[in-house]
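Quick mapping for you: the protein sequence lines, in order, are chains A and B.
Each residue of the first sequence is one higher than the one before, starting from 152 at the first, in the numbering used here.
Each residue of the second sequence is one higher than the one before, starting from 201 at the first, in the numbering used here.
C-beta: ideal position from N, C-alpha, C; glycine also.
Owing to the predicted nature of the structure, the values given are computational and were not obtained by experimental measurement.
First up is the structure itself, then whatever we jot down about it.
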Amino acid sequence: MNVVRLIRATARLELELLARDRLFVALTVLAAVSFIAMVSLFGLTGSRAPMALVDEDHSPDAQRFVRALEQAHHSFALRPMSAAEASAQVGSGRLVGSITIPAGFGERVRRGDTVPVEVVIDNVDVDLTNDVQRALPAAIVLFGRDAGLPGLRAQVSERDVYVNDTGYVPYLAVSALALDAFVIAGALGAIAVAREWEGRTLKLLRVSPARPGALLAGKLLAAGAVAAAALLAAVLAVVLGYGVRPVAPVAVAGTLLACVVVFACVGAWLGAVLRRTAPVVPLMFGLAMPLYLDSGALEPTRFDGDVIWVIAHATPLYYAVGVLEWAFHGLQVTPEPVLLDLAILVAFAAASVPLAAAALREDG
Amino acid sequence: MTPAAVELRDVTLRRGRVTALNGFGVTVPEGTAVGLVGPNGAGKTSVVDVACGLLRPQRGEVRVFGHDVRRDGLAARRRIGLVPQETALYDEVSAWRNLRFAAELHGLRRPDDRIAELLELVGLTERASDPVATYSGGMRRRLAIARALVHEPSLLVLDEPTLGVDVEARRQIWGHVRGLRRRGRTVLISTNYLDEAEALCDRVVVLRAGRVVAEDTPAGLLARAGRSVDVECSRPSALLLRESLLRDPSVTRAELTESGLTLLVQREGKPEALVRRAMDEASVSGFRVRPPDLSEVLRTLP
C-alpha cells in the first residue's frame, strides 16, 4: 500500500471534516491572536499606574527632582496636577497616589535641610507601595547627582549582556507564540484523534490494512496546516502590530513549524488517552497557562529558582520559548544551546508519535 | 483442504473483570452464512471483534482464511469487510467521501467506478453528495454495507445489521445480504433478531454468557424443540393450567400470553393429549398446534 497516498487521503478527509466546521477553524485563528493580546495586556497592566505629581515649588531644583523621578525605575505614570485635584482623584480611586514637592523645596535643599516629600499611596496592592518605596531613593540619588549636591556619591555603572534592550511586551509576545502553538496545534491534534473514538470510526481504521502511523501522519498534516495558518495570523500581529522584527526569520518559521509538529503530536497522544473531544479544550488551556508561566515566558526560568527551573525542563514549552526568543530577539534565555533546545523539541515529537499511533492500534 | 473463512477455537476473552468469551469456538465454512444469536451481553460483538482482529483474546486461536489474526493480521484484514453495529461513518461528509476514504484505506486505485456501482447497489446514488448526518438509520446501514464491500472482501461481517431500522429498511438490507450470498460471499452476522438469523443464515450459533449453547441449522434448532401449543383462555384459567400442565414431563415451558397460555412441548410429547387435558381442567375457547419460532427455541436452551 502506498503510504504517501494514504497520508494524503487521511489529510484530505481531515481537512474536509474541519471545513464543515468553519466557525471552529475561525475561532481557532482568533484564539491564536487573542493569546498575543492576552500576554500583551499582562505586560501592560500595572506598568503605567497613574500617580499625581504636585509641584508646589516650581524651582529649577524641583524640576530636576521631577526628571529624576521620571527616570527612576518604577511602574507609575506621573501626572502633574494641583494638590486639590490630586486629593480629589486619589479619594475617588482614579489615581494610585500622589507625590508632593513642597514649596521652598529647592531653597531648603540648597541649605542642607531635610525636606519631607509627601507620598500618599492607595495601598490596595502592596506591590505598588513597594514600588514607590524603591523608586524614591533612586530618584533622590539621581537628583543629587544632577544637582551637584554634596554628600551623594552613589553611582550606577551598567554593563549590558545584550547590545539592545528587549521590551517587556515584545519579550512576552514572542513567548506567547509558543503558547499559541501549544494550545492551537495541541487541541487540533487531540481533536483529530479523539474524534475517531467519539464517532466510533476507529473500528473502520483498525479493521483496514492501513498503517496507524500513516493515518496519524495524515491527520497531523491537516491539523498542522490549520494550526500553522492560525500561527501565521499571530506572527503577523507580533511583527506588524508590535513592530518586532525577527533577527532570524527563517529560524522563526522553522521553529514555529517544529512547535506545530511537536504540539500536534503531543495533542494527538492526549486525544488518544482522552478519547473524547469535549475535555480536550479545557485540558489544553488548563495545561497551557502553568506550563507557559514555567517556560521562561515572563523572564528566563533560570532566574526563578532551582525548583521552577527543573520543572520547566520537563515541558516542551520551555525549549520552544528558548528557541523562539533566540530566533526573534537573538536572546539566549536557556542555559542550553539553542540547537539542543530544538533537538529536545524534536525528541518530544518523536516520542509522542509512536505513543499516539500505538493508542490507535491497541485493543478496546 | 480449503481453510474455513473464520475459525475460532477455545477463545477466552476477558475485559476487566468480565469474561466476555469463555472457551468459545465457531467455524464458518467459506461460502456460507453463519448467524450469532443470543441475548444482549451474550458476547456476540466480542466474537465479531475477535474475528476481525480488533480484540486480542487471552487464550485460543483465531484464523481468517487460514491466516492467524494475531500473527498475520494484515492478510486477514484485507479479506474482511466489517459493518459495525454503530456504522462508524463520518457524519459530516458525504456518502461518496466515506466510500472514497474507505477505498483509499484499502489502497484501491481509481475507485470511482466501484464507488458508483456500490452506491447504485444500495440505492444511495441520488443522495451520494449529501452529508451522512442527514441520512435515516436505514440509509446509514446501507451505506455501511456498501463501505464494507468497497474492497470486495471475501468475508462480510455484519454486527446487528438491522438494529433500530424500520421494517422497509430491514427488508432492503436483507435483500442486499441475500444478493451477496447468492454471489458466494461468506457472511457472519450477529443479531438479536431470530427471524433475521432464520432468514439469512445456513447455520445459527446460540451464545449465552460467552459460551456456545447450541449450534445447528435454523430448521435443526426448530426441530429440536418439538412443537408449540397456543391455548386461548381467560387469565385465571391460564394460571390454573400453567401450574397443572407444567407437571407433565413433556412440557418444557408454559408462558402466559395476552390470549391465554403458550406451551412448548418436547418432540416426543403429545400436544393433542395436552389440549384435551386443558379442556377438561378449564374453560378453553380455542387452541393451535404449530412449530415453535426461534425465540421460543432459545428459551428452552440450557
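Exclusion of the five residues before and after residue 267 (chain B) leaves 275, 276 as the residues of its chain whose Cβ lies within less than 6 Å of its Cβ. In chain order, 492, 495, 496 place their CB closer than 6 Å to the CB of residue 470 (chain A), counting only its own chain and leaving out the 5 sequence neighbours on each side. Within the DSSP bridge table, the entry for residue 251 (chain A) names A:205, A:269 as partners. One finds 354, 355, 358 in chain A with Cβ atoms closer than 8 Å to the Cβ of residue 282 (chain B), taken in chain order.
At least 8 Å separates the CB of residue 422 (chain A) from every CB of chain B. With its beta carbon less than 8 Å from one in chain B, residue 361 (chain A) belongs to the interface.
The beta-carbon of residue 350 (chain A) is placed less than 8 Å from the nearest beta-carbon of chain B. Note on residue 155 (chain A): under 16 other CB atoms within 10 angstroms of its CB, so exposed under the neighbour-count rule. Chain order gives the chain B residues near residue 157 (chain A) as 304, 305, 307, where near means a beta carbon separation below 9 Å.
Between the alpha carbons of residue 435 (chain A) and residue 286 (chain B) lies a gap of roughly 29 Å.
Ranked by Cα distance from residue 463 (chain B), the first of B:354, B:470, B:261, B:452 is B:452. At least 8 Å separates the beta-carbon of residue 213 (chain A) from that of residue 290 (chain A). Residues of the stretch 152 to 185 of chain A with a Cβ closer than 7 Å to any Cβ of chain B, in chain order: 152, 153, 156, 157, 160, 164, 167, 168, 171. Chain order gives the chain A residues near residue 252 (chain B) as 358, where near means a beta carbon separation below 7 Å.
For residue 262 (chain B), the three-state secondary structure derived from DSSP is strand.
Scanning chain A for C-beta atoms nearer than 8 Å to the C-beta of residue 206 (chain B) yields nothing, as the closest lies near 14 Å away. Taking each of A:350, A:327, A:324 in turn and checking the Cα distance to residue 428 (chain A), the smallest one comes out for A:350. Spanning the alpha carbons of residue 409 (chain A) and residue 437 (chain A) requires a straight line of approximately 22 Å. By the C-beta density criterion, residue 464 (chain A) is exposed, having fewer than 16 other C-beta atoms within 10 angstroms. Judged by DSSP in its simplified three-state form, residue 414 (chain B) adopts strand. Boundaries of the alpha helix (DSSP H) harbouring residue 301 (chain B): 295 to 305, taken from the DSSP string. DSSP, reduced to helix, strand and coil, places residue 500 (chain B) within a helical segment of the structure shown. Not flagged as an interface residue toward chain A: residue 224 (chain B), since no C-beta distance is shorter than 8 Å.
For residue 267 (chain B), the secondary structure class from DSSP, reduced to helix, strand or coil, is strand. Shown here, residue 240 (chain B) sits in coil according to DSSP, grouped into three states, outside any helix or strand.
Burial of residue 191 (chain A) is indicated by the presence of at least 16 other C-beta atoms within 10 angstroms of its C-beta. Apart from the 5 residues on each side of it in sequence, residue 231 (chain B) sits with its Cβ closer than 7 Å to the Cβ of 384, 386 in its chain, given in chain order. Taken through DSSP and simplified to helix, strand or coil, residue 331 (chain B) comes out as strand. Classified as exposed, residue 333 (chain B) has fewer than 16 neighbouring CB atoms from the shown chains inside 10 Å of its CB. Along the stretch 261 to 280 of chain B, going in chain order, the ones with a CB nearer than 8 Å to a CB of chain A are 274, 277, 278, 280.
Annotation: the stretch 378 to 464 of chain A contains the following complete segments of the alpha helix (DSSP H) (minimum length 4 residues), in chain order: 400 to 425, 431 to 444, 457 to 463. Contact annotation, residue 389 (chain A) with residue 338 (chain A): C-beta distance approximately 21 Å; criterion of less than 8 Å not satisfied.
Think of a sphere of 9 Å around the beta carbon of residue 352 (chain B): no beta carbon from chain A falls inside it, the nearest being about 14 Å out.
Assignment of residue 481 (chain B) by DSSP, reduced to helix, strand and coil, places it in the helix class. Between residue 371 (chain A) and residue 405 (chain A), the CB-CB gap reaches or exceeds 8 Å.
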